[in-house]
Amino acid sequence: MTTTLEVSAQFGGRDAAQAVLPHFRALKSALEGKSFEGFPFPQLAFILRVDGEISSFDFSGAGSIDFDKKRRYVSVHIGITREDWTERRPVEVSALVADAIMSSVDLLRGCGNARLRGVDWISLENALKAFSAAYRAQFSHA
1 MTTTLEVSAQ FGGRDAAQAV LPHFRALKSA LEGKSFEGFP FPQLAFILRV DGEISSFDFS
61 GAGSIDFDKK RRYVSVHIGI TREDWTERRP VEVSALVADA IMSSVDLLRG CGNARLRGVD
121 WISLENALKA FSAAYRAQFS HA
């Protein structure tokens with residue numbers, strides 16, 4: 001099965017959106033043409049949960065995993081705290097997000113969900129490395 005990567009975001013306020021929107025756009029851009037084989041769901045999604053002035057998700061890095069009951073997708077939540085985006089330069093935020101994307105491999109591997117039996121972990125890791133590198137390259141000048 002061919003699996004595509006996807007990114008969405010939930011911003012906890014206008015301040016969070018203004019600060020992290022460039023990263024969201026860079027992630028979307030880095031997704032173009034990225035797919036991989038050996039994953040039992042058609043889509044692997046990363047959902048940015050960004051703390052802001054209105055609401056907080058209170059975690060940093062890769063967090064919970066959701067499995068769609070209809071087997072259309074698996075989503076990994078990536079938390080970005082206020083401290084993550086107020087106390088770091090854009091290149092440092094990109095490193096944090098890229099590290100969270102890469103750590104999702106271990107998170108998925110360790111979750112023990114039977115629906116992930118037979119995953120080609122090397123293919124997944126290679127796809128996420130390419131995705132993360134394409135994303136980080138957009139901030140290398142910062």
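Each residue of the sequence shown is one higher than the one before, starting from 1 at the first, in our numbering.
C-beta atoms are modelled at their ideal positions from N, C-alpha and C, and glycine is treated no differently.
Cβ-based burial, L96 [other Cβ within 10 Å; buried from 16]: Residue mapping note: residue 96 aligns to position 96 of the sequence shown, counting from 1. L96 is buried by the Cβ-count criterion.
Chain-order list of residues whose beta-carbon lies under 8 Å from that of T2 (same chain, five-residue window excluded): The residue given as residue 2 occupies position 2 in the sequence shown. Excluding residues up to 5 positions away in sequence, S35, F36, E37, P42 lie with their Cβ nearer than 8 Å to the Cβ of T2 in the same chain.
Every unbroken alpha helix (DSSP H) inside the segment 26 to 77 [4 residues or more]: none
Short Cβ contact (9 Å threshold) for P90 with P22: Numbered from its first residue, the sequence shown carries residue 90 at position 90. Numbered from its first residue, the sequence shown carries residue 22 at position 22. Closer than 9 Å, so yes.
Residue of V20, A17, F24, R14 minimising C-alpha distance to V7: The sequence position of residue 7 within the sequence shown is 7, counting from 1. The residue with the shortest Cα to Cα distance from V7 is F24.
Three-pair Cβ contact test at 8 Å for the segment 121 to 140 versus the segment 67 to 79: no
Distance between L27 and A130 (C-alpha atoms, nearest Å): Position 130 of the sequence shown, counted from the first residue, corresponds to residue 130. Position 27 of the sequence shown, counted from the first residue, corresponds to residue 27. Those two C-alpha atoms are separated by around 12 Å.
Pairwise C-alpha distance: E83 and R14: Taking the first residue of the sequence shown as position 1, residue 14 is located at position 14. Taking the first residue of the sequence shown as position 1, residue 83 is located at position 83. Using only the alpha carbons, I get a separation of about 16 Å.
Those residues which DSSP pairs with Q10 across a bridge: Counted from its first residue, the sequence shown places residue 10 at position 10. DSSP, once it has assigned bridges, lists R49 as partnering Q10.
For G33, the nearest candidate out of T4, R117, S94 (CA to CA): The residue you call residue 33 lines up with position 33 of the sequence shown. Closest option to G33, Cα to Cα, is T4.
Supposed contact pair S94 and F59 - C-beta distance, whole angstroms, cut 8 Å: In the sequence shown, counting from the first residue as 1, residue 59 sits at position 59. In the sequence shown, counting from the first residue as 1, residue 94 sits at position 94. Contact flag wrong, Cβ pair sits at about 18 Å.
Rounded straight-line distance, which links the Cα of R88 to that of A9: Indexing the sequence shown from 1 puts residue 9 at position 9. Indexing the sequence shown from 1 puts residue 88 at position 88. For A9 and R88, the distance between alpha carbons rounds to 19 Å.
Strand pairing of G79, partner residues [DSSP]: Reading the sequence shown from its first residue, position 79 is the one you call residue 79. Note: G79 is bridge-paired with R49, G61 in the DSSP secondary-structure output.
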